[in-house]
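Residue numbers (our numbering): 65 to 171. All C-beta atoms in this analysis are idealised placements derived from N, C-alpha and C, irrespective of residue type, glycine included. Contents: one structure, followed by commentary.
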C-alpha cells in the first residue's frame, strides 16, 4: 500500500513538473495545464496535439491531503521497523486514514 501511494504521489508530482499552465479561460473557475511529457509520449513531433487538463481548488486540496496521508503512512512504517528491531517500544504515529487515490485532474 505504501509503495502504491508513493507511486501515485510521483504521478501527481510529475504531471505538474512537466507541464505548461493555462490561466482560467472564459470565466471558468478552473486552472488548465498541458502535460508536456504525456503529449510528447503520445504524439511526438508529428501531429502534435495538446490535451488541456483542468484542476480546481477541491482537487488540489484532495491531492495535498493524499500527500500528507502518504507521509503519515511512511512515518508509521518507520516507527514499526524501529519497534521490531527493539529500538522503540511504542509508535507515536497512528495508522493513516484510508488512502483513496485522488484524480490526477478533473475527468
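Within the same chain, show all residues whose beta-carbon is closer than 7 Å to that of residue 166, passing over the 5 residues directly before and after it, in chain order. One-based indexing of the chain shown puts residue 166 at position 102. The answer, listed in chain order, is 123, 126, 127, 130.
Quick check on this structure: which residue in 115, 94, 95, 96 has the alpha carbon closest to the alpha carbon of residue 104? Here the question's residue 104 lines up with position 40 in the chain shown. It is 115.
Going by beta-carbon coordinates alone, are residue 96 and residue 121 separated by less than 9 Å? Residue mapping note: residue 96 aligns to position 32 of the chain shown, counting from 1. Residue mapping note: residue 121 aligns to position 57 of the chain shown, counting from 1. Taking 9 Å as the cut-off, the Cβ atoms of residue 96 and residue 121 do not count as close.
Straight-line gap, residue 68 to residue 86 (C-alpha atoms, nearest Å): Residue mapping note: residue 68 aligns to position 4 of the chain shown, counting from 1. Residue mapping note: residue 86 aligns to position 22 of the chain shown, counting from 1. Taking the CA atoms as reference points, residue 68 sits about 30 Å from residue 86.
How big is the Cα-Cα spacing for residue 152 and residue 140? Against the chain shown, residue 152 aligns to sequence position 88. Against the chain shown, residue 140 aligns to sequence position 76. Their Cα atoms are separated by approximately 12 Å.
To the nearest angstrom, report how far apart residue 102 and residue 163 are at their CA atoms. The residue labelled residue 102 in the question sits at position 38 within the chain shown. The residue labelled residue 163 in the question sits at position 99 within the chain shown. So the alpha carbons of these two residues sit roughly 25 Å apart.
Helix, strand or coil at residue 140 [DSSP, three-state]: Locating residue 140 in the chain shown gives position 76, counting from the first residue. Of the three classes helix, strand and coil, the one that applies to residue 140 here is helix, per DSSP.
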